[in-house]
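Notes for the one structure printed next.
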Amino acid sequence: MQYQTATPIGTIATEQNKVLRNTYMMLALTMIPTVIGAFIGMSMNFSFMAQHPIMGALLMFGAMMGMLFAVTALRDSVWGIAALLGFTLLAGVFLGPILQVALHLKNGAQLVGMAAGGTGIIFFSLATIATVTKKDFSFMGKFLFLGLILLIVASLANMFFQIPALSLTISAIGVLIFSAYILFDVSRIVHGGETNYVMATLGLFLSIYNLFISLLQLLMAFSGERD
Numbered sequence: 176m177q178y179q180t181a182t183p184i185g186t187i188a189t190e191q192n193k194v195l196r197n198t199y200m201m202l203a204l205t206m207i208p209t210v211i212g213a214f215i216g217m218s219m220n221f222s223f224m225a226q227h228p229i230m231g232a233l234l235m236f237g238a239m240m241g242m243l244f245a246v247t248a249l250r251d252s253v254w255g256i257a258a259l260l261g262f263t264l265l266a267g268v269f270l271g272p273i274l275q276v277a278l279h280l281k282n283g284a285q286l287v288g289m290a291a292g293g294t295g296i297i298f299f300s301l302a303t304i305a306t307v308t309k310k311d312f313s314f315m316g317k318f319l320f321l322g323l324i325l326l327i328v329a330s331l332a333n334m335f336f337q338i339p340a341l342s343l344t345i346s347a348i349g350v351l352i353f354s355a356y357i358l359f360d361v362s363r364i365v366h367g368g369e370t371n372y373v374m375a376t377l378g379l380f381l382s383i384y385n386l387f388i389s390l391l392q393l394l395m396a397f398s399g400e401r402d
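Given below as structure tokens:
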């Protein structure tokens, strides 16, 4: 009887570990098109976005949402992996404007490295906590979603008002929210809340991507050395 009781639990645990392992492998793979896209973005001319920041931001948002829809629709097939890699390539391209601004600073390369390193440390630390402690952080879902909505609304509002203090506040809150999302997403995988590794990878990628941007914006504001 003990053997019969333990077997399903062991099977579930094995399946969850498989999803987590595949997610981490896919997440590592997504970094390749992201970096390639970032190099493409750094070489592109984003003068249109500089002249029309609101229109440019809306076009970027529309393109990203379109790719997100494609990944979600194709998540159960091999085309879902292709769509995910395409999405990360596009996301890398859209890093172009902020990387161009950062690298025009005297210590821009250092700041980009610090943002990437900080993102990596936060990710591995929180992923380890969620995996090792086995604590279920799913209770954070509603609060994080509400915080994300408010963050998006504040970001859209600041596109019109251009208040520096609000920009810094948004970036600081972004670091907190997307760090918490890493904890939440890994916990969901560990506890079987997400069994599709394409969608699991997408969630973690978005958290890492936005965490990196938020950290870089804060570093540029407080440590950027201008000519």
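Numbering (the numbering used here), first residue to last: 176 to 402.
Backbone N, C-alpha and C define an ideal beta-carbon position, used for all residues, glycine too.
With a CB to CB cut of under 8 angstroms and the five nearest residues on each side skipped, what residues in its chain are close to residue i?
i      : result
Glu369 : Val194, Asp360, Arg363, Ala375 and Gly378
Gln177 : With a pLDDT of 42 at Gln177, under the threshold of 50, the predicted position of this residue should be treated as unreliable, though the coordinate-derived value follows. No residues qualify anywhere along the chain.
Given a cut-off of 9 angstroms, decide if residue j and residue i are closer than it, judged by their beta-carbon atoms.
i      : j      : result
Phe221 : Pro272 : yes
Met242 : Leu278 : no
His366 : Ser300 : no
Met323 : Ile345 : Note on identity: in this sequence residue 323 is Leu, with Met being the wrong assignment. Contact flag unset, no.
With a 10 Å radius around its C-beta and 16 neighbouring C-beta atoms as the bar for buried, classify residue i as buried or exposed.
i      : result
Thr303 : exposed
Thr205 : buried
Leu321 : exposed
Ile388 : buried
Heavy atom of the ligand HEM less than 8 angstroms from the Cβ of residue i, yes or no?
i      : result
Phe314 : Absent from the structure shown: the ligand HEM. Ligands present: none.
Three-state secondary structure (DSSP) at residue i?
i      : result
Phe269 : coil
Gly293 : helix
Gly368 : coil
Glu400 : coil
Met219 : coil
Ile338 : coil
Asn197 : helix
Phe312 : coil
Which residues in the same chain have their Cβ closer than 6 angstroms to the Cβ of residue i, if we skip the five residues on either side of it in sequence?
i      : result
Asn197 : Tyr372
Leu343 : Ala396
Can you name, in chain order, every residue of its own chain whose Cβ lies under 7 angstroms from the Cβ of residue i, other than the five neighbours on each side?
i      : result
Ala232 : Met334
Asp311 : Ser362 and His366
Ala305 : Phe312, Leu358, Val361, Ser362 and Val365
Between the stretch 385-402 and the stretch 202-219, do three or more beta carbon pairs fall short of 8 angstroms? no
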